[in-house]
Amino acid sequence: MKIGVLGGDGYCGWATALHLSAQGHTVAVVDNFVRRQWDHELGVQTLTPIRTMPERLRAWKQASGLSIDSYTGDICDYEFLAEFMRDFEPEAVVHFAEQRSAPFSMIDRKHAVGTQTNNVVGTLNLLFALKEFEPDCHLIKLGTMGEYGTPNIDIEEGYITIEHNGRKDVLPFPKQPGSFYHLSKVHDSHNIMFACRIWGLRATDLNQGVVYGTVTRETEMNEALINRFDYDEVFGTVLNRFCAQAAVGHPLTVYGKGGQTRGFLDIRDTVRCIELACLNPAQRGECRVYNQFTEQFSVLDLAQLVRTAAKELGLTVQIDHLPDPRVESEHHYYNAKHSKLIDLGLKPHYLSDALLDSLVNIAIRYKDGIDPSMFLPRVNWRSAVNDRKKTQDAAAAGMVSF
Ligand code: NAD
Ligand code: USQ
258 MKIGVLGGDG YCGWATALHL SAQGHTVAVV DNFVRRQWDH ELGVQTLTPI
308 RTMPERLRAW KQASGLSIDS YTGDICDYEF LAEFMRDFEP EAVVHFAEQR
358 SAPFSMIDRK HAVGTQTNNV VGTLNLLFAL KEFEPDCHLI KLGTMGEYGT
408 PNIDIEEGYI TIEHNGRKDV LPFPKQPGSF YHLSKVHDSH NIMFACRIWG
458 LRATDLNQGV VYGTVTRETE MNEALINRFD YDEVFGTVLN RFCAQAAVGH
508 PLTVYGKGGQ TRGFLDIRDT VRCIELACLN PAQRGECRVY NQFTEQFSVL
558 DLAQLVRTAA KELGLTVQID HLPDPRVESE HHYYNAKHSK LIDLGLKPHY
608 LSDALLDSLV NIAIRYKDGI DPSMFLPRVN WRSAVNDRKK TQDAAAAGMV
658 SF
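Quick note, my numbering runs 257 ahead of the 1-based positions in the sequence shown.
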């Protein structure tokens, strides 16, 4: 298939582009590298030394003999996106190209507006470009489990059957997102569902859980193909952060009681789920929703697992409970369905097998680059203006792009 990977320079996008190329698909990556710019603005960087896109593509060609096309531009620029669609003529488009950090979206008004503008406008442009140029192309859109929040009932895969006053209907599952970022995903979901209904587009909305791990079969082929490993308080996700903290003997930063429970998956399962969605397209007019995660853990469970894994390597790890900078339930019911991708053939990797090789050992290998000042949370949900010194310095230097 001809598959466009929007956001192909990012964490999920890069691993997915390589995987799809290795499977024999014709792949093009689309990115404007704004994520690298955001890292720069915040004064943070990936622990692993990722290469530039031209270097990455050369290394892939060398390692595999395969070529990946690259289109550089902003999907919020409709002319650029239209040109990509006309030129590449994709049969499937995987859309990762969004601002994906909840803390980033909660820094202040500018970052909230920037996040929602980038994400909602980019997705709307894509829907219009599909309608105009490739109405048969399958849209595979990365949503997030956080769209649902943490309701006191089981979470279904996208839709729920409701009986009300003696009448019954299948309706979108209620959404209670926990940040302006997560809200942007809800807005996207509504726009996608609407476009499928009115124009007969075909879409799969993948409500993905928190992704962990760095290594996939393809990124291991050459050091220059290495993926990002973020551990800072804005872009670092919880498990990466705990592993980086364990590697340098910093106490693990559990926010609040640590009963916050989320769905998680290995990056190797992310790339396989995308492949499965591509190979099994939605029907015209259909907006399918799959919950894309393999196991659920509370934050405290994760901290304890990291402590145990680190102990095997002779590291002593302390667990700290910090006041929760977010507004979220610290203890709640959580039972989210996630069988549809398994039904399509997903064979999950489990955290117990990945924790040492894909996480703790990577953090240890690169530990000289770990800056412990990145660990403490400075973005607080309760404040409308967060005093992130580095952000302000960057803004003063005219580098903030929103
Ligand atoms: P990432 O920040 O590593 O990658 C996103 C990429 O998109 C970056 O390379 C960025 O430059 C690009 N991009 C952003 N806006 C763009 C625009 N307007 N035009 C062109 N390119 C643009 O993020 P990620 O972790 O790879 O996440 C990818 C997607 O998956 C996001 O939509 C995210 O919400 C979703 N997701 C991620 C996780 C996770 O744990 N990482 C979990 C669930 C869902
Ligand atoms: N947490 C801690 N300590 C930390 C960091 C986080 O206790 O040092 C807690 C948070 O309070 C939260 C949980 O861990 O309860 C998860 O936080 P996270 O930063 O790992 O993940 P989140 O903000 O939810 O966002 C990430 C990705 C996002 C994706 C989402 C999937 O950045 O792109 O959409 O995971 S989900 O959580 O299912 O919505």
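Idealized CB from N, CA, C, for every residue including glycine.
Residue range of the beta strand (DSSP E) that residue i falls in?
{"i": "Arg459", "result": "Arg459 to Gln465"}
{"i": "Pro429", "result": "Arg424 to Pro429"}
{"i": "Asn448", "result": "Unbroken run through Asn448 is the alpha helix (DSSP H), Phe437 to Trp456; no beta strand (DSSP E)."}
{"i": "His352", "result": "Ala349 to His352"}
{"i": "Phe521", "result": "Thr518 to Asp523"}
{"i": "Val291", "result": "Where Val291 is concerned, there is no enclosing beta strand (DSSP E), although the alpha helix (DSSP H) it sits in stretches over Val291 to Leu299."}
{"i": "Cys544", "result": "Cys544 to Gln549"}
{"i": "Lys514", "result": "Lys514 -> no beta strand (DSSP E), and no H or E assigned at all."}
{"i": "Ala316", "result": "Here Ala316 belongs to no beta strand (DSSP E); instead the alpha helix (DSSP H) covers Met310 to Ser321."}
{"i": "Ile419", "result": "Tyr416 to His421"}
{"i": "Gln553", "result": "Glu552 to Ser555"}
Using a 10 Å radius around the Cβ and a threshold of 16 neighbouring Cβ atoms, would you call residue i buried or exposed?
{"i": "Phe451", "result": "exposed"}
{"i": "Ala369", "result": "buried"}
{"i": "Val511", "result": "buried"}
{"i": "Tyr469", "result": "buried"}
{"i": "Ala641", "result": "exposed"}
{"i": "Gly267", "result": "buried"}
{"i": "Asn422", "result": "exposed"}
{"i": "Val350", "result": "buried"}
{"i": "Glu336", "result": "exposed"}
{"i": "Thr551", "result": "buried"}
{"i": "Thr565", "result": "exposed"}
{"i": "Asn592", "result": "exposed"}
{"i": "Tyr547", "result": "buried"}
{"i": "Glu420", "result": "exposed"}
{"i": "Ala653", "result": "Model confidence at Ala653 stands at a pLDDT of 49, short of 50, so the residue's coordinates are unreliable; what they give is reported in the following sentence. It is exposed - the Cβ of Ala653 has fewer than 16 other Cβ atoms within 10 Å."}
{"i": "Tyr590", "result": "exposed"}
{"i": "Lys442", "result": "buried"}
{"i": "Arg639", "result": "exposed"}
{"i": "Ala651", "result": "Reliability fails at Ala651, whose pLDDT of 47 lies under 50, so the model's placement of it is uncertain and the value that follows must be treated cautiously. Ala651 is buried by the Cβ-count criterion."}
{"i": "Lys647", "result": "In this prediction, Lys647 scores a pLDDT of 49, lower than 50, which makes its location untrustworthy; the coordinate-derived value is nonetheless stated afterwards. Flag for Lys647 reads exposed."}
Relative to ligand 1, is the shortest distance from any of its heavy atoms to the C-beta of residue i smaller than 7 Å?
{"i": "Val287", "result": "yes"}
{"i": "Gln256", "result": "For residue 256 there is no data in the structure shown, the boundaries of the chain being 258 and 659."}
{"i": "Tyr488", "result": "no"}
{"i": "Leu496", "result": "no"}
{"i": "Thr401", "result": "yes"}
{"i": "Ile332", "result": "yes"}
Identify the continuous alpha helix (DSSP H) that holds residue i and give its terminal residues.
{"i": "Thr273", "result": "Tyr268 to Ala279"}
{"i": "Asp344", "result": "Tyr335 to Phe345"}
{"i": "His368", "result": "Arg366 to Gln373"}
{"i": "Gly250", "result": "Shown here, the chain extends from 258 to 659; a query on residue 250 therefore has no answer."}
Look at the Cβ atom of residue i, then the Cβ atom of residue j, and state whether they are nearer than 8 Å.
{"i": "Leu608", "j": "Phe521", "result": "yes"}
{"i": "Ala539", "j": "Thr461", "result": "yes"}
{"i": "Thr380", "j": "Gln356", "result": "no"}
{"i": "Val574", "j": "Leu509", "result": "yes"}
{"i": "Cys237", "j": "Ile397", "result": "Nothing about residue 237 can be read from this structure; the chain reaches only from 258 to 659."}
{"i": "His663", "j": "Leu263", "result": "As displayed, the chain neither begins before 258 nor continues past 659, which places residue 663 out of reach and without an answer."}
{"i": "Arg308", "j": "Ala560", "result": "no"}
{"i": "Cys530", "j": "Leu463", "result": "yes"}
{"i": "Leu598", "j": "Leu557", "result": "no"}
{"i": "Pro247", "j": "Val505", "result": "Any question about residue 247 goes unanswered here, given that the chain covers just 258 to 659."}
{"i": "Ile619", "j": "Thr305", "result": "yes"}
{"i": "Asn375", "j": "Leu338", "result": "no"}
{"i": "Tyr503", "j": "Leu603", "result": "The amino acid at residue 503 is misidentified as Tyr; the sequence shows Ala. Taking 8 Å as the Cβ cut-off, Ala503 and Leu603 do not qualify as a contacting pair."}
Given the structure, does residue i come close to ligand 2, in the sense that its CB is under 7 Å from one of the ligand's heavy atoms?
{"i": "His444", "result": "no"}
{"i": "Thr565", "result": "no"}
{"i": "Gln465", "result": "yes"}
{"i": "Tyr512", "result": "yes"}
{"i": "His439", "result": "yes"}
{"i": "Val556", "result": "yes"}
{"i": "Ala460", "result": "no"}
{"i": "Arg635", "result": "no"}
{"i": "Ser358", "result": "yes"}
{"i": "Gly515", "result": "yes"}
{"i": "Asp625", "result": "no"}
{"i": "Gly264", "result": "no"}
{"i": "Asp581", "result": "yes"}
Between residue i and residue j, how many whole angstroms is the CB-CB distance? I'm expecting something under 8 Å.
{"i": "Ala285", "j": "Gly261", "result": "5 Å"}
{"i": "Cys269", "j": "Thr527", "result": "5 Å"}
{"i": "Gln319", "j": "Asn479", "result": "7 Å"}
{"i": "Ser362", "j": "Tyr438", "result": "4 Å"}
{"i": "Arg459", "j": "Arg541", "result": "5 Å"}
{"i": "Gly516", "j": "His588", "result": "4 Å"}
{"i": "Pro360", "j": "Val491", "result": "5 Å"}
{"i": "Gly400", "j": "Pro434", "result": "Not a contact, Cβ separation roughly 10 Å."}
{"i": "Ala272", "j": "Thr476", "result": "6 Å"}
{"i": "Ile364", "j": "Val636", "result": "6 Å"}
{"i": "Val563", "j": "Phe499", "result": "4 Å"}
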